[in-house]
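Scroll down for the structure; my scribbles are underneath it.
There are 2 protein chains.
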Amino acid sequence: MKFGFYMPVRLIQGNGCVREHGEVFGKMGKKAFIVTGKHSARANGALEDVLYALSEAQVEYEIFDEIMSNPTIEVVYRGAEKMKACGGDFVVGIGGGSPMDAAKAIALLYSQDIKEEDLFGGNYKDCLPPMVMIPTTAGTGSKVTQYAILTNDKKETKTSISSDLLFPSVSFLDPGYMRKMGRRTTIHTAIDALSHNVEGMISRRCTDLSDAMAKEGIRAFRDCAEALIQWDGETELSMEVREKLLYASTIGGMVIAHTGTTAVHSMGYELTYFHGTDHGRANGLLLAAFLKTAAGYMPEKVEEILHTMGVKTTEEAGKVLSRLLGPEPALTEEEIEKFAGISAGAKNIKNAPFELSKEEIVEIYRKSLNEE
Amino acid sequence: MKFGFYMPVRLIQGNGCVREHGEVFGKMGKKAFIVTGKHSARANGALEDVLYALSEAQVEYEIFDEIMSNPTIEVVYRGAEKMKACGGDFVVGIGGGSPMDAAKAIALLYSQDIKEEDLFGGNYKDCLPPMVMIPTTAGTGSKVTQYAILTNDKKETKTSISSDLLFPSVSFLDPGYMRKMGRRTTIHTAIDALSHNVEGMISRRCTDLSDAMAKEGIRAFRDCAEALIQWDGETELSMEVREKLLYASTIGGMVIAHTGTTAVHSMGYELTYFHGTDHGRANGLLLAAFLKTAAGYMPEKVEEILHTMGVKTTEEAGKVLSRLLGPEPALTEEEIEKFAGISAGAKNIKNAPFELSKEEIVEIYRKSLNEE
C-alpha cells in the first residue's frame with residue numbers, strides 16, 4: 001500500500017467565506033499584492049470581496065491585473081518587478097488557473113532572483129511570501145497544488161514550475177463566484193477537474209489514498225454530468241451543481257498534488273499552445289482515447305475509473321464527453337506528428353505507469369480529433 | 001456541501017521510511033528531544049531507527065522515556081522541565097497515542113509558560129518547536145491531529161488539548177513497528193481507528209470530504225476484520241493487514257482532525273479512567289449501542305456506515321465487535337450513573353449532531369456492558 005500525503009493548504013469554504021475571514025488576511029501582513037486578470041474577478045464579485053476583507057483587516061493593497069489566459073513568462077517577471085517596486089507582505093491570486101499560477105510564480109520571483117533559464121529548475125530558496133488563492137472557476141487544482149504552469153515559448157508548450165514552496169497558505173472556496181459563468185467555460189473547467197482525478201489514478205505516483213480521493217472527485221463530476229449536458233446556458237445552473245463541481249475540482253487538485261498529471265495534460269498543452277484550445281477542453285478531447293490506450297496496460301484500473309464514472313466502456317465515456325464538448329475541427333497529420341513529438345518529451349507524460357510510444361501518442365491524437 | 005479542509009502534516013510512509021529520511025530530522029535543528037515510553041519503542045525498533053536517522057543527520061538528542069499509558073498532566077510538565085534543562089530544537093514522539101500526545105503537550109509547555117488551570121484552555125502562543133511523530137500502533141490518530149489527550153484527575157476523565165499548533169510537522173508511518181504487537185493491542189487499536197472513522201461521520205462538524213475519507217477508513221477496517229477475528233495471536237499477522245490497519249488509523253485521524261470525536265470517546269474515557277480499560281476497547285464496547293441510538297436521529301447516515309462496514313444492522317455490527325473484543329465485566333448501576341454524569345459534560349459529546357440525554361447515555365452504557 002502507499003499512503004504518503006502532504007496537503008498543507010488551509011481550505012475555507014462556503015458562500016461569502018472571503019468576507020467573513022478578514023482576519024486571515026490580517027495575519028499575513030500589512031500589504032497585499034493582488035494578482036488577477038482584467039475582467040472576471042471584477043465581474044464575479046471576488047475582487048470586491050477581497051477588498052472588503054482587506055479593509056476590515058486594515059491591510060493595504062496593490063492590484064496587478066494583467067494576467068492573460070495561459071500566462072507568459074514575461075508577465076510573471078513583470079508582476080514580480082511591480083511587486084518589488086510597490087512592496088507587499090503576501091500575494092493574493094484571484095481567478096482561474098491562469099491568475100493563480102501567475103500569482104505563485106510572481107511570489108517566487110519576488111522572493112529571489114531566478115534567471116529565466118532556471119525558472120523551471122525546481123531549485124528555489126525557502127523565502128516566499130505567503131499566498132492566498134481565491135478560485136473563480138471550478139476546474140484548476142491550483143488552489144491546492146504546488147504547481148504554477150506557464151506558457152513556455154522555447155519549448156512551444158506549457159511547462160510547470162513545481163515546488164512545495166508554491167502551496168498556497170489559504171484558499172477560499174466560494175461557489176458564488178461561478179454563478180454567472182457561461183456554459184462553455186463551466187463545461188471545460190469541469191472536464192479539467194475530471195481529467196485531474198482520472199489522470200491521478202493512472203499515474204505511477206498514485207497512492208491508495210489519492211485513488212480513494214480521485215474516485216470521490218469522479219463521483220462528484222458524474223453527479224453533475226447530466227445537468228451540464230441538459231443545461232441550456234441561458235438559465236442559471238443550480239448552485240448545488242456549482243458547488244459539487246468546485247468540490248470535484250478541489251479533490252482533483254489534491255490528487256494531482258500527489259500524483260502529477262500525465263499524458264492527457266502533456267498532449268493537451270499542444271492543442272492550447274498552437275490552437276488556443278481551452279485547457280479543460282483540450283483534456284476532455286483526449287481523455288477517452290487515452291483511457292482506451294491505458295486499458296491495454298492496466299485494464300482493472302481503467303475499469304475502476306469507468307465504473308466510477310458510471311459508464312461501461314471507454315467509448316461510452318467518450319460519448320458523454322462528446323455530448324459535453326460538441327464538435328472540434330480535425331488536426332492535420334503534420335500537426336499530429338509535431339504535437340506528438342513535443343508531448344513525448346514533456347515531464348508529466350513520464351508520470352504514466354507505462355511508457356507511451358510516439359506511435360501511441362499519434363494514435364490518441366488521431367482518434368480524439370480526426371474521427372467522427 | 002461542506003468541504004473545508006486542513007491537514008498540514010507531511011506523511012512519509014513505507015517500510016524503513018525513518019532510516020531513509022535522516023534529512024527530515026536534520027532540517028529541524030541540531031538537537032532532538034525524544035518523548036517515548038519505557039519499553040515498546042525499544043522493542044519494536046522505532047527508537048533505534050530514529051537514533052540511526054539522527055546520527056546520519058548529525059543531530060544530538062535527549063531521551064525522555066517516562067510516558068505511561070494515559071499520560072498524566074504531571075508527566076508532561078515534568079517532560080517540559082527536562083527539555084528546558086537540556087535544550088532541544090524539536091520534539092520526536094515515538095509510540096502509541098500516549099507518547100505522541102505527551103510529546104505534543106511537552107512541546108507546548110516547553111515553548112511557553114502555561115498554568116495547569118489554563119492547560120486545556122486553547123489560548124496558546126504560536127512558538128512551538130516542530131514535532132515529528134512515529135506511531136508504533138495503528139489506532140490513534142495523533143500523528144495527524146491537533147489533539148493531545150491527557151488524564152484529567154480534576155474532572156475524573158481524559159481531556160484533550162486542542163490547537164492547530166499541535167499538528168506535527170512530519171509523521172513517519174512504518175507498519176514494521178507493529179509486526180510483533182499482540183492480539184489484544186492490535187484489536188483494540190484497530191477498533192479505535194474504526195471508531196474515529198465512524199464517529200467522524202456522526203459529528204455535526206462532518207463534511208462531504210471527511211465523510212468520503214471516513215468511508216475509505218471504514219472499508220480498510222472491514223477488509224481486515226475477518227483476518228483479525230481468525231488470528232490466533234501466535235503466528236504473525238500478515239503485513240498486508242498491518243499496513244491496511246495503519247492506513248485506516250491514518251484516515252481516521254484525518255477525519256477527527258476535522259470532525260472531533262463524539263459520544264463514544266466521551267463515554268469511553270470513563271471506562272478507561274475508572275477501570276483502566278484500553279482506550280480502543282472502551283470505544284469498541286460502546287460503538288454498536290451508540291450507533292443504535294444514533295439511528296433514531298439520523299437513520300440514513302447510520303445505514304451508510306453499516307453498509308460500508310459490510311453489515312446490515314447495528315446488532316450485526318455489535319456481533320463483529322463482540323467477536324473481536326470478547327466478554328467484558330458488567331458495570332454496576334452506580335457506576336453507570338456516575339459515568340453518564342461525567343461524560344454528559346464532556347466537550348466532545350457536543351460534537352454529535354443530536355443532543356444525547358443523560359437517559360440515553362445511561363442506556364448506551366447499559367446495553368454495551370450489562371447485556372449478553
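Protein chains in written order, with the numbering used here: chain E, 1 to 372; chain R, 1 to 372. Even for Gly, the Cβ is constructed at its ideal location relative to N, Cα and C.
query: Would a check of beta-carbon distances place residue 12/R closer than 7 Å to chain E?; result: yes
query: If you measure beta-carbon to beta-carbon, which residues of the segment 245 to 262 of chain R are closer than 9 Å to chain E?; result: 246, 247, 250, 251 and 254
query: So which residues on chain E does residue 5/R lean against when the C-beta distance must stay under 7 Å?; result: 11
query: Under the assumption that residue 195/E contacts residue 259/E (Cβ atoms under 8 Å), give the Cβ distance between them as a whole number of angstroms.; result: Rounded, the Cβ-Cβ distance is 12 Å, inconsistent with contact.
query: Let me know the secondary structure DSSP gives residue 62/E once reduced to three states.; result: strand
query: Cα separation between residue 248/R and residue 193/E?; result: 27 Å
query: When you compare the segment 264 to 273 of chain E with the segment 341 to 360 of chain E, are there three or more beta-carbon pairs, one atom per stretch, that lie closer than 8 Å?; result: yes
query: Need the endpoints of the beta strand (DSSP E) that residue 171/R sits in, please.; result: 170 to 173
query: Going by beta carbon distance, what residues of the same chain come within less than 8 Å of residue 343/E, once the five residues before and after it are set aside?; result: 157, 263, 266, 267, 269, 270, 349 and 361
query: Any Cβ of chain R within less than 7 Å of the Cβ of residue 236/E?; result: no
query: Just by C-beta distance, which residues in the segment 186 to 200 of chain R are closer than 9 Å to chain E?; result: none
query: Step through the CB atoms of chain R and report whether any lies within less than 7 Å of the CB of residue 353/E.; result: no
query: Distance check for residue 197/E and residue 252/E, CA to CA, integer angstroms please.; result: 5 Å
query: At 7 Å on the CB atoms, spell out the chain R contacts of residue 1/E, in chain order.; result: 243, 244 and 247
query: Would a check of beta-carbon distances place residue 216/R closer than 7 Å to chain E?; result: yes
query: Under 7 Å, CB to CB, which of the residues in the segment 147 to 169 of chain E have a partner in chain C?; result: Among the protein chains of the structure shown, namely E and R, there is no chain C.
query: Any idea what DSSP makes of residue 33/R, helix, strand or coil?; result: strand
query: Just the Cα atoms here: how many angstroms apart are residue 98/E and residue 152/E?; result: 14 Å
query: Work out the CA separation of residue 31/R and residue 307/R for me, nearest whole Å.; result: 49 Å
query: Which residues mark the beginning and the end of the beta strand (DSSP E) in which residue 256/E is found?; result: Per DSSP, residue 256/E belongs to no beta strand (DSSP E); it is in the alpha helix (DSSP H), 239 to 259.
query: Reducing DSSP to helix, strand and coil, say where residue 40/R ends up.; result: helix
query: Taking 7 Å as the cut-off, decide whether the C-beta atoms of residue 100/R and residue 138/R are in contact.; result: no
query: Suppose the cutoff is 6 Å on Cβ atoms and the five residues either side in sequence are ignored; what does the same chain contact list for residue 278/E look like?; result: 188
query: So, for residue 208/R: in the same chain, excluding its five sequence neighbours on each side, which residues have a beta-carbon less than 7 Å away from its beta-carbon?; result: 1, 2 and 3
query: Leaving aside the five residues before and after residue 284/E along the sequence, list all residues of the same chain whose C-beta is less than 6 Å from its C-beta, in chain order.; result: 191, 321 and 325
query: State buried or exposed for residue 214/E, treating a residue as buried only when at least 16 other CB atoms are found within 10 Å of its CB.; result: buried
query: Is it right to say residue 261/E is buried, meaning 16 or more other beta carbons lie within 10 angstroms of its own, or is it exposed?; result: buried
query: Do residue 169/R and residue 146/R come within 7 Å of each other at the CB atom, strictly closer than that value?; result: no
query: Quick check: the Cα distance between residue 371/E and residue 353/E, rounded to an integer number of angstroms?; result: 27 Å
query: Around the C-beta of residue 175/R, are 16 or more other C-beta atoms found within 10 angstroms, so that it is buried, or is it exposed?; result: buried
query: Should residue 204/E go down as buried or exposed, given a rule of 16 or more other Cβ atoms within 10 Å for buried?; result: exposed
query: By the three-class DSSP mapping on this structure, what secondary structure does residue 15/E have?; result: coil
query: What does the alpha-carbon distance come out to for the pair residue 20/R and residue 80/E?; result: 38 Å
query: Which runs of the beta strand (DSSP E) at least 3 residues long sit entirely within the segment 160 to 215 of chain R? Give them in chain order.; result: 170 to 173
query: Give the interface partners of residue 212/E over in chain R, defined as CB-CB distance under 7 Å, in chain order.; result: 216
query: Are any of the Cβ atoms in chain R nearer than 7 Å to that of residue 8/E?; result: yes
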